[in-house]
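Protein chains in written order, with the working numbering: chain A, 158 to 343; chain B, 158 to 343. By construction, the Cβ of each residue, glycine as well, lies at the ideal position given by its N, Cα and C atoms.
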DNA sequence: ACCTGAACACCGTTCAAGT
DNA sequence: ACCTGAACACCGTTCAAGT
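Here you go:
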């Protein structure tokens with residue numbers, strides 16, 4: 158039976174999760190779909206686009222409805238949501254990071270962050286959202302890259318490198334910086 | 158005449174700067190050295206290692222002696238030094254970012270940052286240095302990736318994306334967060 | 001609409017052999 | 001010590017042709 162774009166993205170994510178980004182080739186995805194490599198180009202114009210769709214799917218799978226409560230708790234919850242979603246797939250953070258350079262994947266979460274920071278001056282909200290996003294993405298990415306590098310034996314594993322504790326500490330630092338920029342309530 | 162490892166790294170950086178990371182292949186570096194591809198493996202065990210050496214060289218070229226003055230001015234100066242060094246070479250930030258996952262390249266600057274934060278509790282200094290490093294690296298990386306993506310025509314160019322202004326604002330946010338954690342002087 | 005089969009222009013890496 | 005030449009096992013992408 159014929160495959161849909163959805164099938165392609167889903168199977169591509171499976172290949173990514175089991176083999177890692179390095180071996181997530183178009184040819185492997187095609188093989189996993191029991192199809193010739195050229196068949197993929199009916200669904201997608203190139204690999205870059207497929208990676209972007211995968212990034213969207215990774216983030217979509219973790220999506221929860223925004224909580225209410227103080228802005229900092231909202232932001233913290235969203236950051237954990239994004240982090241968990243990326244860590245749920247092997248090399249997921251790396252895929253989201255590269256896709257976000259094309260304005261895809263990470264753009265939507267950043268908009269949600271900006272909305273949560275609407276009590277701030279607009280410039281501060283925009284800068285804050287981007288800084289938080291860079292931290293969340295970079296932190297998860299560093300963790301997964303270190304995992305992969307140490308699995309290959311290229312380096313000795315350091316459990317502190319992408320730990321939840323260091324994530325909360327770093328995020329706390331940025332949130333604390335934001336609090337200092339909070340305009341006084343009228 | 159025979160090439161040294163230094164020559165290889167230097168020419169590899171030239172290839173990177175003129176063609177971009179995507180086309181910085183071992184074969185192209187070999188061609189630029191007027192040598193067979195296999196000859197590179199006399200100097201370097203694999204491409205990953207060559208990239209790590211390139212990352213070190215990128216950062217070394219921007220290295221200045223640490224200034225004295227208040228800690229936040231020292232940190233800010235160092236961050237600009239690292240950023241400028243990475244931006245001086247096409248896709249330089251991306252190369253440093255991937256190399257840093259292997260404990261190379263970005264490790265030394267991070268140690269310098271920790272030293273500048275020695276007035277803080279050790280945990281705070283370590284977290285602060287890493288968070289700052291993630292920001293500087295991620296910010297420069299996002300800028301260069303966006304430049305490359307928009308040059309390919311895949312996306313419309315947005316000059317605000319890796320601007321010096323947004324860099325200073327984001328860095329200021331993190332520094333402000335650190336100030337809140339500063340222990341009171343005795 | 002979805003796919004096959006064959007081809008093109010590339011990769012990184014290995015290895016025996018040369019000087 | 002530094003390099004050649006040939007090979008191996010891969011890539012992403014294109015394109016005519018099939019159903």
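Q. Taking 8 Å as the CB-CB cut-off, is residue 306 of chain B touching chain A?
A. The residue labelled residue 306 of chain B in the question sits at position 149 within the second chain. At least one chain A Cβ lies under 8 Å of residue 306 of chain B.
Q. When you compare only the Cα positions, how much space is there between residue 306 of chain B and residue 318 of chain B?
A. To locate residue 306 of chain B, count along the second chain from 1; it is residue 149. To locate residue 318 of chain B, count along the second chain from 1; it is residue 161. Rounded to the nearest angstrom, the two C-alpha atoms are 12 Å apart.
(Q) Between residue 273 of chain B and chain A, is any beta-carbon pair separated by less than 8 Å? (A) In the second chain, the residue the question calls residue 273 of chain B occupies position 116. Not a single CB atom of chain A sits nearer than 8 Å to the CB of residue 273 of chain B.
Q: At 7 Å on the CB atoms, spell out the chain A contacts of residue 258 of chain B, in chain order.
A: Within the second chain, the letter at position 101 stands for residue 258 of chain B. Under the 7 Å cutoff, chain A gives 299, 302, 303, 306.
Q) Closer than 7 Å, Cβ to any Cβ of chain A: which residues of the segment 280–292 of chain B, in chain order? A) 284, 285, 287, 288, 291, 292
(Q) Taking the alpha-carbon of residue 304 of chain A as reference, which of A:214, A:163, A:191, A:244 has the nearest alpha-carbon? (A) One-based indexing of the first chain puts residue 304 of chain A at position 147. Nearest of A:214, A:163, A:191, A:244 to residue 304 of chain A, Cα basis: A:244.
**Q.** Cα-Cα separation between residue 217 of chain A and residue 241 of chain B, rounded to whole angstroms
**A.** Your numbering for residue 217 of chain A matches position 60 in the first chain. Your numbering for residue 241 of chain B matches position 84 in the second chain. One C-alpha to the other measures close to 36 Å.
Q | Segment contact, 8 Å Cβ cut-off, at least three pairs: the segment 246–253 of chain A with the segment 284–302 of chain A | A | Touching, yes.
Q.
Helix, strand or coil, according to DSSP, for residue 205 of chain A in the structure here?
A. Here residue 205 of chain A refers to the residue found at position 48 when the first chain is read from its first residue. Collapsing the DSSP output to three states places residue 205 of chain A in a helix.
Q.
Give me, in chain order, the residues of the same chain whose beta-carbon lies closer than 7 Å to that of residue 236 of chain A; leave out the 5 immediate sequence neighbours on both sides.
A. The residue you call residue 236 of chain A lines up with position 79 of the first chain. Cβ within range, chain order: 289, 293, 328.
Q.
Rounding to the nearest angstrom, what Cα-Cα distance links residue 226 of chain B and residue 338 of chain B in this structure?
A. Residue 226 of chain B sits at position 69 when you count from the first residue of the second chain. Residue 338 of chain B sits at position 181 when you count from the first residue of the second chain. Residue 226 of chain B and residue 338 of chain B: Cα-Cα distance of roughly 19 Å.
Q) Between the beta-carbon of residue 323 of chain B and the beta-carbon of residue 255 of chain A, is there less than 8 Å? A) As a position in the second chain, residue 323 of chain B is number 166, starting the count at 1. As a position in the first chain, residue 255 of chain A is number 98, starting the count at 1. Cβ distance not < 8 Å, so residue 323 of chain B and residue 255 of chain A don't count as in contact.
Q: Along the alpha helix (DSSP H) that carries residue 334 of chain A, what are the first and last residues, could you check?
A: Here residue 334 of chain A is taken as the residue at index 177 of the first chain, counted from 1. It spans 321–336 - the alpha helix (DSSP H) in which residue 334 of chain A sits, taken as one unbroken run.
Q: Run down chain B in chain order and give the residues with a C-beta less than 7 Å from the C-beta of residue 312 of chain A.
A: On the first chain, residue 312 of chain A is found 155 positions in, with the first residue counted as 1. In chain order: 259, 260.
Q | Alpha-carbon to alpha-carbon, residue 333 of chain A and residue 325 of chain A | A | Here the question's residue 325 of chain A lines up with position 168 in the first chain. Here the question's residue 333 of chain A lines up with position 176 in the first chain. Each residue's alpha carbon lies about 12 Å from the other.
(Q) Which residues in chain A have a C-beta closer than 7 Å to the C-beta of residue 295 of chain B? List them in chain order. (A) The residue you call residue 295 of chain B lines up with position 138 of the second chain. Those are 291, 294, 295, listed as they occur along chain A.
Q | CB contact check: residue 161 of chain A to chain B, cutoff 8 Å | A | Translated into positions along the first chain, residue 161 of chain A becomes position 4. No, because no Cβ of chain B sits closer than 8 Å to the Cβ of residue 161 of chain A.
Q: Please determine, among B:172, B:210, B:310, the residue with the shortest C-alpha to C-alpha distance to residue 163 of chain B.
A: As a position in the second chain, residue 163 of chain B is number 6, starting the count at 1. Per the Cα distances, B:210.
Q | Cβ contact (3+ pairs, closer than 8 Å) linking the segment 256–266 of chain A and the segment 186–204 of chain A | A | no
**Q.** Within chain A, partners of residue 335 of chain B - CB distance below 7 Å
**A.** Here residue 335 of chain B refers to the residue found at position 178 when the second chain is read from its first residue. Chain A residues near residue 335 of chain B: 330.
Q | For residue 198 of chain A and residue 273 of chain B, the rounded distance between their alpha carbons | A | Translated into positions along the second chain, residue 273 of chain B becomes position 116. Translated into positions along the first chain, residue 198 of chain A becomes position 41. Taking the straight line from one Cα to the other gives about 52 Å.
Q: Look at the alpha carbon of residue 239 of chain A and the alpha carbon of residue 219 of chain A, and state the distance between them as a whole number of angstroms.
A: Here residue 239 of chain A refers to the residue found at position 82 of the first chain. Here residue 219 of chain A refers to the residue found at position 62 of the first chain. Between residue 239 of chain A and residue 219 of chain A, the C-alpha separation is close to 7 Å.
Q) For residue 224 of chain A, which option in A:183, A:335, A:187, A:269 has the closest C-alpha, if you only look at C-alpha atoms? A) The residue you call residue 224 of chain A lines up with position 67 of the first chain. With distances taken between Cα atoms, residue 224 of chain A lies closest to A:269.
Q. Can you list, in chain order, the stretches of the alpha helix (DSSP H) that have 4 or more residues and sit fully within the segment 234–289 of chain B?
A. 249–257, 264–273
Q: Find the residues of chain A that neighbour residue 323 of chain B, judging by a C-beta separation of less than 8 Å, and give them in chain order.
A: As a working mapping, residue 323 of chain B is identified with position 166 in the second chain. Near residue 323 of chain B (Cβ distances below 8 Å), the residues of chain A are 284, 287.
Q: Apply the 10 Å Cβ neighbour rule to residue 296 of chain B and answer buried if 16 or more other Cβ atoms are within range, or exposed otherwise.
A: Residue numbering aside, residue 296 of chain B sits at position 139 when the second chain is read from its first letter. Per the 10 Å Cβ criterion, buried.
Q.
If we define contact as Cβ-Cβ less than 8 Å, is residue 338 of chain B a contact residue for chain A?
A. As a working mapping, residue 338 of chain B is identified with position 181 in the second chain. Yes - at least one Cβ of chain A is within 8 Å of the one on residue 338 of chain B.
Q. Applying a beta-carbon distance threshold of less than 9 Å, which residues of chain B neighbour residue 190 of chain A?
A. Sequence index remark: in the first chain, residue 190 of chain A carries index 33 (1-based). None at all; the shortest Cβ gap to chain B is about 25 Å.
Q. Would DSSP call residue 198 of chain B helix, strand or coil?
A. The residue labelled residue 198 of chain B in the question sits at position 41 within the second chain. Three-state DSSP puts residue 198 of chain B in a helix.
Q: Could you work out which residue in B:169, B:275, B:262, B:276 is closest to residue 212 of chain B when comparing CA atoms only?
A: Locating residue 212 of chain B in the second chain gives position 55, where the first residue counts as 1. Nearest option by C-alpha distance: B:262.
Q.
Alpha carbons only, please: which of A:310, A:260, A:336 is nearest the one belonging to residue 312 of chain B?
A. As a working mapping, residue 312 of chain B is identified with position 155 in the second chain. Residue 312 of chain B has its Cα closest to that of A:260, out of A:310, A:260, A:336.
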